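In the working numbering, the protein residues as written are 170 to 308. Everything on this sheet refers to the single structure shown next.
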């Protein structure tokens, strides 16, 4: 179900690159109470704090990511021991439901962040459901 009060639906980014400092993603850099549904990203994403192919940093109330996929490379450039995360769908979340989402893009770190803060679907997460990781090379 779509519990969020705000919606991003039926959007796609076909190509290009999205680069910035801080939290960077194709659709939501920082989110709360939003639903992202039937969206996809093929652009490369590059940031320095929280980085995701669809969303970067999500907090309460819940962020729902439903039926989305990422095919773009997702990269974080950082040297830190905390406050950094990178994932093919979402960088970091304290409250999010990720349902029926796919990541086909490479996820990489340029520099050094803790190993438990990056992954093919999410860098860090409290909740996630029905997700699929096609491939990801940890570089």
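All C-beta atoms in this analysis are idealised placements derived from N, C-alpha and C, irrespective of residue type, glycine included. Note that the structure is a prediction, hence the values are computed from the model and not measured.
As DSSP reads the structure, residue 233 sits in a beta bridge with 204, 266.
For a cut-off of 8 angstroms, the C-beta gap from residue 189 to residue 212 is around 13 angstroms, too long to register as a contact. Secondary structure note for residue 279: its beta strand (DSSP E) is the uninterrupted segment 276-281. Distance from the CA of residue 237 to the CA of residue 224, rounded to the nearest whole angstrom, comes to 11 angstroms. Here the alpha carbons of residue 233 and residue 197 stand approximately 12 angstroms from one another. Inclusion of residue 245 and residue 220 in the CB contact set at 8 angstroms is warranted, their separation being smaller than that value. A Cβ-Cβ distance of about 13 angstroms is found for the pair residue 289 and residue 278, leaving them out of contact under the 8 angstroms criterion.
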